[in-house]
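Notes follow once the structure below has been shown.
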Amino acid sequence: DSGVTQTPKHLITATGQRVTLRCSPRSGDLSVYWYQQSLDQGLQFLIQYYNGEERAKGNILERFSAQQFPDLHSELNLSSLELGDSALYFCASNKGLAGGDTQYFGPGTRLTVL
Amino acid sequence: SQQGEEDPQALSIQEGENATMNCSYKTSINNLQWYRQNSGRGLVHLILIRSNEREKHSGRLRVTLDTSKKSSSLLITASRAADTASYFCATDALAGRRALTFGSGTRLQVQP
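If you're matching them up, the sequences are chains E and X in order. Our numbering runs 25 ahead of the 1-based position in the first sequence. Our numbering runs 35 ahead of the 1-based position in the second sequence.
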């Protein structure tokens, strides 16, 4: 158990809908990272937040947004969902600013868009 | 885009044998990490090797890094059925965005 929690575990929704994925980092970690894992694209970095502020951006679509709250939990919002957004979404956390340090991953949220 | 590419894509061995996976990457790095993922689960960090290190050991794991060839290998000795998983290398690029870039992974199947 990494200490990172994600909810929900599974999410099934329809095209055009909006969903929110939630992540709680390990105790003491200030950075949260979001990743998307799909069969065709592999594991793609989406975005990093550090202590409430956006720190680094990856291949995140404009339809997706994220935020980190004062209690350090983070939410990833996916809107106008398309079939191709079906994937596993992971969050990870670590203590510092440096995204290149060891990251601790949550169990993921499996999103299915029908 | 993928910074690292693992080779082979899939590997099947018998329990007790050694498994070797390779990773090649494109840009200069601060460090390279290996992660393991059981089917559909979260990734688990295995080992981190810095750019000024050439070899590192952790239990049955041995990682090598050749920065001149931009490649790394992960050796799992005396494999067990429980080692069955996908293994990913991840690089922390020296320049630009400080975020891990993951390779495409090697699926390891260890037959009991």
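Cβ coordinates follow ideal geometry from the N, Cα and C atoms, glycine included.
If we define contact as Cβ-Cβ less than 8 Å, is residue i a contact residue for chain E?
i, result
"X/Gln37", "Per-residue confidence for X/Gln37 stands at a pLDDT of 46, beneath the threshold of 50, marking its modelled position as unreliable; no derived number is given."
"X/Ser108", "no"
"X/Asn65", "yes"
"X/Ser139", "yes"
At the level of alpha carbons, what is the spacing between residue i and residue j?
i, j, result
"X/Ser36", "X/Asp42", "For X/Ser36, the predicted structure reports a pLDDT of 42, less than 50, and the residue's modelled location is therefore unreliable. A value from the coordinates is still provided. Those two C-alpha atoms are separated by around 17 Å."
"E/Glu79", "X/Gly51", "46 Å"
"X/Asn53", "X/Tyr70", "18 Å"
"E/Lys120", "E/Ile85", "23 Å"
Per DSSP, residue i forms a beta bridge with which residues?
i, result
"E/His35", "E/Arg135"
"E/Leu13", "Past the boundaries of the shown model lies residue 13 of chain E; chain E is included only from 26 to 139, so the question cannot be answered."
"X/Ala125", "X/Gln68, X/Phe137"
"E/Tyr114", "E/Gln61, E/Thr134"
Could you work out which residues of chain X lie near residue i, taking near to mean beta carbons separated by less than 9 Å?
i, result
"E/Ser63", "Chain X residues near E/Ser63: none, gap ~12 Å exceeds 9 Å."
"E/Gln128", "Gln68, Tyr70, Leu78, His80, Ala125, Leu135"
Show which residues of chain X have a CB atom less than 8 Å away from the CB atom of residue i.
i, result
"E/Gln73", "Ala134"
"E/Pro132", "Arg76, Gly77"
With a cut-off of 8 Å, does the C-beta of residue i fall near any C-beta of chain X?
i, result
"E/Ser52", "no"
"E/Gly77", "no"
"E/Phe89", "no"
"E/Leu113", "yes"
"E/Ser27", "yes"
"E/Leu86", "no"
What does residue i reach in chain E if we use C-beta pairs closer than 7 Å?
i, result
"X/Leu156", "With chain X covering 36 to 147 only, the question about residue 156 of chain X has no answer from this structure."
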